[in-house]
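Following: one structure in structure tokens, then a few remarks.
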Amino acid sequence: MAKMLIMMSKTEKTQNQPEHNFFMQNNNAKIIEIFDRNLVRRNRNRAAPTFGNYDFLINRVNADLIDRLQDIKRTFPKTLLMGGRGFKDSSLTNISGIQDLVIMDLAENFLDPDALSIQGDEEYLPFAPETFDLILSPLSLHTTNDMPGALIQMNRALKPDGVCLAALLGGETLYELRQVMMQAEMKIRRGAGSHIAPFADKQQIGSLMQRGGFALPVVDSEIITVSYKNVRSLMQDLRGMGEGNSLKERGKPLNKTFMAEIETLYHKNFPEENGRIRATFEIIFLIGWSPHQSQQKPLRPGSAKTRLADALETKEIRT
-18 MAKMLIMMSK TEKTQNQPEH NFFMQNNNAK IIEIFDRNLV RRNRNRAAPT
32 FGNYDFLINR VNADLIDRLQ DIKRTFPKTL LMGGRGFKDS SLTNISGIQD
82 LVIMDLAENF LDPDALSIQG DEEYLPFAPE TFDLILSPLS LHTTNDMPGA
132 LIQMNRALKP DGVCLAALLG GETLYELRQV MMQAEMKIRR GAGSHIAPFA
182 DKQQIGSLMQ RGGFALPVVD SEIITVSYKN VRSLMQDLRG MGEGNSLKER
232 GKPLNKTFMA EIETLYHKNF PEENGRIRAT FEIIFLIGWS PHQSQQKPLR
282 PGSAKTRLAD ALETKEIRT
């Protein structure tokens, strides 16, 4: 299936971001279960045999993660790969700096039989504290119910000054499909159900990184626009990626009448050339470090010894 991808990027360093999103609860509050984790596992296991036909998005993400990783000039004696889709043991161990590699995935069918692999859940990491020098997580965190808890555990699993590099689907993902499905359902069923997962945005992820205890967190995103022949082709890709609907409270099944209305609305509202439609995927990349005394720390406010006006050789205007 031919696809056309258009890339845009946004970068944002996270400092003092507000804490206000559905992933954040009081420490004594019950975790809100948005996703059916057993269904997440089944969806991905079903996708595994033919995943190579639908791996364009994960391949792009993995390439971007490797590019970012190669900017870090150090060695990683022990590395954890959280999420085995797309990566193979050889593709990572051939990268300069990575030595021993452990692959963990919720879906056992995505584990590499030729590598040191373990089936595990991102919400319950089965590793001792200070085990890894590097944790890579390509598109595995966005379907966790307890993302703050997952990030805290990842931080604990890192050695001091270890690095976490991850990618997950962001809030702009599939906004076109979300909109037309809601419109179609309101028209036909007089009410909207849940068919597409809610995703966090960059500000929320930055807050979660800080809450997870990571030092020097940086978050940036890329918008990937994909051209499709029709809605059915888009949904086929989502299932092939292992990203089918895994919400705990799912909407009613999609019948022929509903699908026809979605198709009509999609082509009307989000048309591309030659009668095609577009779909948006926002990929949020995050990097954070396990705290260490050698890392840079912000200066105390008011501790500067040189005025900014002097450095810029200009006159200070007081208000």
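Oh and the sequence shown: position 239 is 220 in the working numbering, straight run, nothing missing. C-beta: ideal position from N, C-alpha, C; glycine also.
1) How many whole angstroms separate the CB atoms of L120 and A260, which I take to be in contact at a CB cut-off of 8 Å?
2) Taking contact to mean 3 or more Cβ pairs, one atom from each stretch, closer than 8 Å, check whether the region 176 to 196 and the region 127 to 136 are in contact.
3) So is I186 in contact with chain C if we call contact Cβ pairs under 7 Å?
4) Could you tell me how far apart the beta carbons of A178 and G151 are, in whole angstroms, since I believe they sit closer than 8 Å?
5) My output table needs one value for Y35: the three-state DSSP class, helix, strand or coil.
6) Nearest-angstrom Cα distance between H248 and G256?
7) Should H273 go down as buried or exposed, given a rule of 16 or more other Cβ atoms within 10 Å for buried?
8) Would you tell me roughly how many angstroms separate the C-alpha atoms of F113 and L106, rounded to the nearest one?
9) Can you tell which of F37, E263 and L62 has the C-alpha that lies nearest to the C-alpha of L146?
10) Which residues does DSSP list as the beta-bridge partners of I12?
11) Identify every run of the beta strand (DSSP E) within the region 181 to 248, keeping only runs that are complete inside it and at least 3 residues long; order them along the chain.
12) Would you check if the distance between the CB atom of I88 and the CB atom of R25 is smaller than 7 Å?
13) Could you spell out where the alpha helix (DSSP H) holding I327 opens and where it closes?
14) Just mark I99 as buried or exposed, buried being the case when its beta carbon has 16 or more other beta carbons within 10 Å.
15) The alpha helix (DSSP H) with I169 in it runs from where to where?
16) With 16 other CB atoms within 10 Å as the buried threshold, where does N250 fall?
Inspection of the coordinates gives the following:
1) Indexing the sequence shown from 1 puts residue 120 at position 139. Indexing the sequence shown from 1 puts residue 260 at position 279. Rounded, the Cβ-Cβ distance is 16 Å, inconsistent with contact.
2) Enough Cβ pairs lie closer than 8 Å, so yes.
3) Included in the structure is just one protein chain, with no chain C present.
4) Taking the sequence shown and counting its residues from 1, one reaches residue 178 at position 197. Taking the sequence shown and counting its residues from 1, one reaches residue 151 at position 170. Between A178 and G151, the beta carbon gap of about 11 Å keeps them out of contact (Cβ cut-off 8 Å).
5) Translated into positions along the sequence shown, residue 35 becomes position 54. In the structure shown, Y35 falls within a coil segment according to DSSP collapsed to helix, strand and coil.
6) For the purposes of this step, residue 248 is identified with residue 267 of the sequence shown, where counting begins at 1. For the purposes of this step, residue 256 is identified with residue 275 of the sequence shown, where counting begins at 1. The straight-line gap from Cα to Cα measures roughly 7 Å.
7) Start at 1 with the first residue of the sequence shown, and residue 273 comes out as number 292. Taking every protein chain shown into account, the CB of H273 has fewer than 16 other CB atoms within 10 angstroms, so this residue is exposed.
8) The count along the sequence shown starts at 1 and reaches residue 113 at position 132. The count along the sequence shown starts at 1 and reaches residue 106 at position 125. The straight-line gap from Cα to Cα measures roughly 12 Å.
9) Within the sequence shown, residue 146 is the residue found at index 165, counting from 1. Answer by Cα proximity: L62.
10) Walking along the sequence shown from the start, residue 12 turns up at place 31. According to DSSP, which records beta bridges pairwise, I12 is partnered with nothing at all.
11) Here the runs fully enclosed are 196 to 209.
12) The residue given as residue 88 occupies position 107 in the sequence shown. The residue given as residue 25 occupies position 44 in the sequence shown. According to the sequence provided, residue 88 is Ala. The question's Ile does not apply to it. Yes; because the gap between Cβ atoms is below 7 Å, this pair is in contact.
13) No answer is possible for residue 327: it lies beyond the span of the chain, which begins at -18 and ends at 300.
14) The residue given as residue 99 occupies position 118 in the sequence shown. Exposed: under 16 other Cβ atoms inside 10 Å.
15) Counted from its first residue, the sequence shown places residue 169 at position 188. Here the alpha helix (DSSP H) through I169 covers Y156 to R170.
16) In the sequence shown, the residue the question calls residue 250 occupies position 269. Exposed, by the Cβ-count rule.
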